[in-house]
Amino acid sequence: MRVLIVGAGEVGSSIAADLSDSHEVVVVDVDADYVEQLQYDLDVLPVQGDGTESDVLEEAGVADADIVIASTDDDETNLAVCGTAATLADPFTIARVQKTAYLRTWRRTQRAFDVDFMVCTDLLTAQSIVRLIEFPTATDVDPFSSGRVQMAEFEVDPESEIAGQTVQAADRFESLTFAAVVEDGEATIPTGETVLTGGSKVLVIGTPDSVESFAAAVAPSSAAASVDDIVVVGGGQQGLLVAERLEERGFRPRLIEHDETRARDLAEQLPKTTVMAHDATDADFLAAENVGDADVVIACLDSDEKCLLVSLLSKRLGAGRAIASIETPEYVSLFETVGIDVAVNPREVTAEEITRFTRERRAENVAIVEPGEAEVLEVEVDDESVLAGRPIREAVADLPSEVVIGAITRDDTVITPRGDTVVEVGDHVVVFVPTGAQAAIAEKL
Amino acid sequence: MSGGLRVDWRVSCSLVGTVVKWLWVPLCLPLVLALYDGTALTPFLVPMALTAVVGFGLERLAETRDLRAREAFLMVSLTWLSIALVGAVPFVVAGVGTLAHPVYALFEAMSGVTTTGATVVTDFGAHARAIHLWRATLQWLGGLGILVLATAVLSQLSVGGAQLMETESQAQDVDKLTPRMSNTAALLWKIYVALTALLVVLLSGLHVVGLAPEMTPYDALAHAFTTISTSGFSPRGTSIAAFSPAVQWTLVPFMIVGATSFVLIYAVSRGNVGRLRRSDEFRFYVGVLAFFALAVCAIRALDAGPGVPFERTARHAVFQVVSITTTTGYASTDFNTWSASAKHLLFVCMFIGGMAGSTTCSIKALRWLVVIKSFRRDLFVATTPSAIRPVRLSGEPIDEETVRDIYAYTLISLLFFGVATIFVVLDAARVGVVLTEFEAMSAAASTFFNIGPAFGVAGPMANYAGFPTTTTFVMTLLMWVGRIEILPVLVLLTPSFWRS
Amino acid sequence: MSGVRVDWRASLALVGSVLTYLAVPLCFPIAVALYYGDGGLVAFLVTIAVTLLLGFGLGRLDDDPDIGAREGFLMVSATWLAVALVGAIPYLIEAHGIPGVVAATHPESTLGDPANALFESMSGFTTTGATVLGSISFDAHTRAMMMWRQETQWLGGMGIVVLAVAILPKLSVGGAQLMEAEAPGPGLEKFTPKIAETARALWGLYVGLTALEIALLYGLHLLGPALGTPLAPKMTFYNAVAHGLTTMPTGGFSPEARSIEAFSAVVQWVIVPFMIAAGVNFALFWHLVTGDPNHVREDAEFRGYVGLLAVATALVAGFLYTDPGLAGIAGALEPSLRHAAFQVASFVTTTGYATVDFNAWGTPAKYVLLALLFVGGSAGSTGGGIKIVRWLVVLKSVRREFFTTVHPDAVRPVRLAGQVIDESAVRGIQAFTLCYLVLFAVASVLVVANGAAVDGGMSVFEAVSATASTLGNVGPGFGAFGPMNSYLPFPDSTKVLMVGLMWVGRLEVFPVLVLLTRSYWSS
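Residue numbers (full-length UniProt numbering), protein chains in the order written: chain A, 1 to 445; chain B, 1 to 500; chain C, 1 to 523.
Structure representation (structure tokens):
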């Protein structure tokens, strides 16, 4: 498949890197340096030029492209790229936007601005932050089958009840599949005898309820208290979206925004949120407002350094968990070792979302577990699939050995796959696939 | 963690303990008098022991003394309550007259410490002089306490626009209150003591030269205590009517001084008289006093007709207007017998109060001034819709949020007064006490705004013992709430204070 | 234009057009006079002549009046004053006649005193319902005169300026401004694109409801004999029209001396819902009529209004039921409930009708009524007072104050039914409420001070209640100025003051106060 990516920033190059091994990727960017750099880093075809110009797009081969991804940092440019591409040829267009207003417009017809799929960075970030809150111990949560199935990654706390148990002993949760155990960045498929050691990460697939009860089991027994008091720091669009989502879920968060006028705006838009106008890096203020009592502090400030500062301040006051949205990818792992519990990188989230769409047109949903290691796919089974009409025990023989079938949804109900489960045509299957096996999977499912 | 209390009540209680601990010192004063007179000592020894035990006990509740806004609210409210509780002990232990009843004793003590001056004493002669001195001492302490509270604490907690006090009264040395809170307190204390001493000397002087036969040194001390604190207890059943005109004239300026911002007084004592003239609030306050005094004087002169000496009419009119407006509550005559219009004017005076940063209560001249100024601004903006005109006080622009706070505060006061009146009426009807509507309104206003006497049954020469016990108890709460500017107590009742 | 920045000619010219049109409603009492033939014809003919003359005279000041914000205030304030002045003419002619033209029909009328005539007229137009009539009967006044009294209230109810905007094309541009100046509360809602249409819709609803009530009342009267039981024997066609004209504007005048006490219990029950309807924001009726009932259910003010009525009625009914001093009411459920519901509705909506002399009630019940004097109906209704929506905003902002005292940095907008209220609107509402209370206090001092002249004295409470009642456009006070008495004992100076209060109260203070500032005229 030929994929044309316009914009070679963080998001664009990240998508290009993920796709370049199995697809033909063309990257267009105005910046000659970026383009040159890309030539050496990745196996892609770089084109220097303005992606909104038809000449440039034609030069990049838009006529043969199956997918055009507009991922520059400018919303209007992205929309123009999609519009131009749709005029020149008939590719599937994907646009990345910042403004939620565009997303709202697009959702009305799903075809507005000649965009076939639209991704809003801040919204995705907000969604993934809120999912993290619902599972206090999870480091990654992705929904499948419209939320009926969830894939979650947990770090096994050494003090939790399942630490040291074998998978067989720990597997007492209904409709839950252990897909992988990640130790030192290496994913392995667990067998019944695999021991879940403290500090390792475990990847499970199942219904939200079962994931939730598993979440309680991996957590240290003291921190089992449910999340109630949430403080959002930073009232930019991300902070607003996070607070909105939290309100929808019945929380009454607190939001701290430095700018008074903006705070007033936010207070008007968020009826259930207590908005405060103050500098959140003021330790006295945080103490006076008892931010230390918060179960979760979410830092969505513009500056990564401030996010770190606020997170550390509130952790020191006693806050339960600190989640921060960190723009610079290099900081993510660094900040997580310093004290932020989870750092979410908006660009990474966006790249993941776009990749999942592009990777395999039949795959409806993709979650990247460890970049370059493994991913989780959701596939609709058609009659050509090796799974169709056979019990899983037989079908697995035709699949690469590392593949794990995590969950099956059929007509809105979730079925836990067991050896004798028969997969029918039309079922949605969530599978765990190590990198390298994707091509084989795509062919056989 | 979550769901727990967000207020460190131990810190507040511990600080209250520190205050209570020191209450034995003022108790020495009536004790000495009791020794001199040879009357019972137990009424004072018992609370002394009690304060020591309770004070030290409370103080040990917390190690750290990290006082933040919420703890400060709790501490302020509890301090006033606990001083009133301690102050009631001598009355109960002495067990004389109406004060033997615990509810009445608490009413009297609260009336004292809040500088209200409403009394339930029916027979003034029955009580020992030491008890009367304790009543006066309570008021004097309450006056000083409120001064420190108003200038140092409330302005920082920005209660109902109290932060304006700072802009309005920027004396060089009191200007920055935060770093030198104790300095501020010490400064206020010195001025307060000096003014009290001056008044004692003046009154005794009048006695010595023969102008004030009734004003013994004991009376001089008791009245000086209750004048500067604008509170109004008197050991005499007939209040200031028992004294000569010279005494009455002398008290008027001191009541006015007690109702003047102590920060201004400090500036004046440093020779900066121009500050008085430049202060919008002071000019407004003096203007209001003059206006009402003239109006009452005119009404009284018309009512009295010819034949009554003008000096007497003027004296009583001025004295009464000053006494009510400054929330003192002294009476130089029984104004219950005045005509309805004069009484009604005095009733309106109840809602005014003195300057911010003084010992007075009620809504305060500062708030009214801001309210009036912003009315005028609103009228101006109505005709010139695009105009932007900040409200200014002594030339300094006031920010809109403060204006809003002041509006809200004034409205809360009036609403509270309304609710209190309805309660007084209903409670009186419940037990069958006959009360006119005006009596109920004035009694509610008088206690809530910490003035003292009301009209009718609770008039200046009468007392509050005629109300049902439940009403007296609620009035005790009203005095408490009214004294510390309403909000510190009311916020304690909101769930968000404790939880969020 | 030496310094004066207000185009007063334009304002007065518009006042002139309103006066011209006043000739039309003046024809109604003429018809009454012709039908009953008990006199009063000349008085109204003369008044028509005067109003036409004045109207055309003023109209010539400016041929093409251009209304701005300032002119709007002046025009509205002046209109109400002018209309009240003209409205007083028939009362004066009735008592004095016109020397050399016509003799006085009722020389003993208390309205012969100009202050009384103006008071009665202003009380009518502002829908207050406080009266200075010495004796309310057809012996003392002609039927035409009594009907004119009722009609002034009906005209004043929906607002004369609203009416003018509805029918005068030249007001279409500045119309919104004028309507806002007439009722500056937060209630004005332009629910049609053209302001004149909105004004017409309001008047249409108003006329419709009035007609419905008249039909119901008269229907009861006719139905009585048919059923064999007298349902409303005294509710003649005349009375039905008269009371229809004063219920919907929440006026409170009645041609019966004992107000609604004179009528049967059924009539009293029928009037209650109409009073309640009159206290509702008329924009809500519009939404109801256009098929949007949710709008009504979700309206915060409407809910507050209904809640207040229910709670106050329950309270008062409880007090009445248990008050041993009330023969015939205590212990009987229907009368306690009826009188409570009627009196509460009458006070909250500032109508001022009475089914019973509530002066005889116990203090608690009376106090509830007194408190209601300060509440008032909904914004955008015909009721007066401070208005429910203002109290709601005040209470919410007070609650907000508690919250921000604990959390000084919290930003918390005041919301009504989820809708954010702008900060300057909140401040405006607080300012209005305070201003109203201060005005009330100042006026009460003046009334009390002036009260020494009243025969037999007057208690402070009576004076205060009368002040609150006139400022809030309610009508009756307590004590000597109770529902079955009149304001006659007040000295003339107090009556003039009260005329001012009614005027200021009806226009919600601001438009009049603005005229008193120097910057209005010169800067």
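Ideal Cβ placement from N, Cα and C applies to all residues, glycine included.
Keep in mind the model is a prediction, meaning the values are calculated, not measured.
- Between the alpha carbons of residue 218/C and residue 158/C lies a gap of roughly 23 Å.
- The continuous stretches of alpha helix (DSSP H) do not include residue 306/B, and DSSP gives it neither H nor E.
- If you draw a straight line from the Cα of residue 183/A to the Cα of residue 428/A, it comes to about 29 Å.
- Interface residue (Cβ-Cβ distance to chain B less than 7 Å): residue 230/C is not classified as such.
- Residues 230, 232 and 255 of the same chain have their beta carbon placed closer than 6 Å to that of residue 328/B, with the five preceding and five following residues left out of the count.
- The contact set of residue 385/B on chain C, defined by CB atoms closer than 9 Å, consists of 69 in chain order.
- Counting of Cβ neighbours within 10 angstroms places residue 107/C among the exposed residues, the total staying below 16.
- Note on residue 124/C: 16 or more other CB atoms within 10 angstroms of its CB, so buried under the neighbour-count rule.
- The beta-carbon of residue 322/A is placed no less than 7 Å from the nearest beta-carbon of chain B.
- Of the residues assessed, residue 422/C falls on the exposed side of the cut-off, its CB having fewer than 16 other CB atoms within 10 angstroms.
- In the DSSP annotation of this structure, the continuous segment of the alpha helix (DSSP H) that includes residue 303/C starts and ends at 300-321.
- Counting along the chain, residue 254/A sits inside the beta strand (DSSP E) bounded by residues 254-257.
- Listed in chain order, the non-local C-beta contacts of residue 272/C below 6 Å within the same chain comprise 341, 342 and 345, local neighbours out to five positions each way being set aside.
- Residue 275/A belongs to the set of residues whose beta carbon lies under 7 Å from a beta carbon in chain C.
- In the DSSP assignment, residue 151/A falls outside any alpha helix (DSSP H) and lies within the beta strand (DSSP E) extending over 149-155.
- With contact defined as three or more Cβ pairs closer than 8 Å, the stretch 310-323 of chain A and the stretch 335-344 of chain A are in contact.
- Of all residues in the stretch 373-393 of chain C, the ones placed with a Cβ closer than 9 Å to any Cβ belonging to chain B are 374, in chain order.
- From the beta-carbon of residue 69/B, the residues of chain A found nearer than 7 Å are 288.
- When secondary structure is reduced to three states using DSSP, residue 33/A falls in the helix class.
- Burial check for residue 24/B: the Cβ neighbour count within 10 Å reaches 16 or more, so the residue is buried.
- Per DSSP, reduced to three states, the secondary structure at residue 99/A is coil, with no helix or strand assignment.
- Take the alpha-carbon of residue 114/B and the one of residue 251/B: they are about 20 Å apart.
- Of 483/C, 363/C, 30/C and 460/C, the smallest CA-CA separation from residue 147/C is found for 30/C.
- The residue among 135/A, 132/A and 63/A with its C-alpha nearest the C-alpha of residue 90/A is 63/A.
- Residue 160/A sits in coil when the DSSP states are folded into three classes, being neither helix nor strand.
- Residue-level contact by beta carbon holds for residue 449/C and chain B, with a gap shorter than 7 Å.
- Under the 7 Å criterion on CB atoms, residue 467/B is classed as non-interfacial with respect to chain C.
- With contacts defined as CB atoms closer than 7 Å, residue 270/C and residue 235/C fail to qualify as a contacting pair.
- When secondary structure is reduced to three states using DSSP, residue 386/A falls in the coil class, being assigned neither helix nor strand.
- Under the DSSP assignment, residue 264/C falls outside any alpha helix (DSSP H); it carries neither an H nor an E label.
- Under a criterion of Cβ atoms nearer than 8 Å, the residues of chain A adjacent to residue 6/B are, in order, 290 and 293.
- By the beta-carbon neighbour count (other beta carbons within 10 angstroms, threshold 16), residue 306/B is exposed.
- Nearest C-alpha to residue 418/A among 380/A, 178/A, 82/A and 69/A: 178/A.
- Scanning the stretch 62-96 of chain C for uninterrupted alpha helix (DSSP H) segments of 4 residues or longer gives 69-96, listed from N- to C-terminal end.
- The C-beta distance from residue 289/A to residue 277/A rounds to 12 Å, too long to fall under 8 Å, and the pair is not in contact.
- Assigned with DSSP and collapsed to three states, residue 338/A falls in helix.
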